[in-house]
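K.L.:
In our numbering, the protein residues as written are 300 to 557.
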Ligand code: DGL
């Protein structure tokens, strides 16, 4: 039974394909695990949905992943993590749940005295969980920016719309910030474009690497690390079943491997 559990899959989900930025960090360290990635594009964006709605969707996806024999679940969405991780952990105590959060503590640890821009969804910025983190590590040089609609245009993948959005909404910070926290898993997909708008040498902070280390520790502690010696399969499911999403998802995974 234990053997069977160890060789189970790791479930990972987001409101769309943004969580690929988390998965691509995870597979660098845990390449032999098997993964099932659930993209909930039918309900995208989560960022401006009510707390109740986000919890309801997260629970449905979580149960779906458990039915597919997942031994652990990664919430690769800052909004869902901020709103629903506590609820799920309380209710499903037997399955490790690993949740991402904006890398604001990393700013505190590595670049404390610099002007900082935290980009995230409205849901994340207004959440109690993020506010606790923010108050604890506040460097008093931080601007919190609700990037309403940004995850949407990234999900859509139209380059002109992405550029226009960024110029209109973050252009005013050009030359004024040195740290940028990418507090939504979609944003690292346009890190280059964000850097072009902000100019200079902005330093990016992203919660995926910390989550990966934590995931490995949790699997180890629970004796759940796979013993397979070959690369595990990555299965992709989208709630709208769109082929185009699947293609972009695998393209982003491949890009990172080069
Ligand atoms: N990728 C998600 C996050 O990290 C949310 C995007 C959305 O659906 O609003 O917050």
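Beta carbons are placed, not taken as given, at the ideal position from N, Cα and C, and that holds for glycine.
Just so you know, these numbers come straight off a predicted model, no measurement behind them.
So the candidates are 325, 405, 481 and 333; which of them puts its Cα closest to the Cα of residue 526?
P.N.:
Numbered from its first residue, the chain shown carries residue 526 at position 227. The option with the nearest alpha carbon to residue 526 is 333.
K.L.:
Could you spell out where the beta strand (DSSP E) holding residue 410 opens and where it closes?
P.N.:
In the chain shown, residue 410 corresponds to position 111, counting from 1. First-last for residue 410: undefined, no H or E at that position.
K.L.:
Quick one: which unbroken beta strand (DSSP E) runs of 3-plus residues sit fully inside the segment 470 to 526? Chain order, please.
P.N.:
For the segment 470 to 526, whole beta strand (DSSP E) runs of length 3 or above, ordered along the chain, are 478 to 481 and 502 to 504.
K.L.:
Compare the C-alpha of residue 372 against each of 391, 355 and 354 and name the closest.
P.N.:
Walking along the chain shown from the start, residue 372 turns up at place 73. Nearest C-alpha to residue 372: 391.
K.L.:
Check residue 376 in the structure and name its three-state DSSP category.
P.N.:
Taking the chain shown and counting its residues from 1, one reaches residue 376 at position 77. The answer is coil: DSSP assigns residue 376 none of H, G, I, E or B.
K.L.:
Mind checking which residues open and close the beta strand (DSSP E) that includes residue 275?
P.N.:
The structure shown has nothing for residue 275, since the chain only spans 300 to 557.
K.L.:
Can you give me the C-alpha to C-alpha distance between residue 470 and residue 422, rounded to a whole angstrom?
P.N.:
Taking the first residue of the chain shown as 1, we reach residue 470 at position 171. Taking the first residue of the chain shown as 1, we reach residue 422 at position 123. Residue 470 and residue 422: Cα-Cα distance of roughly 22 angstroms.
K.L.:
For residue 476 and residue 466, I'd like the C-alpha separation in whole angstroms.
P.N.:
Against the chain shown, residue 476 aligns to sequence position 177. Against the chain shown, residue 466 aligns to sequence position 167. Distance between the alpha carbons of residue 476 and residue 466: 15 angstroms.
K.L.:
Taking the DSSP output, what are the residues bridged to residue 442?
P.N.:
To locate residue 442, count along the chain shown from 1; it is residue 143. DSSP output for residue 442 lists 416 as bridge partner(s).
K.L.:
With 8 angstroms as the threshold, decide whether the Cβ of residue 543 is near any Cβ in chain C.
P.N.:
Reference to chain C is not applicable here, since this structure consists of a single protein chain.
K.L.:
Report whether the distance from the Cβ of residue 315 to the nearest heavy atom of the ligand DGL is below 7 angstroms.
P.N.:
Stepping through the chain shown from its first residue, residue 315 is reached at position 16. Checking every heavy atom of the ligand DGL against the Cβ of residue 315, one is found closer than 7 angstroms.
K.L.:
Any idea if residue 375 is buried or exposed, counting beta-carbon neighbours within 10 angstroms, 16 or more meaning buried?
P.N.:
Looking up residue 375 in the chain shown gives position 76. It is buried - the Cβ of residue 375 has at least 16 other Cβ atoms within 10 Å.
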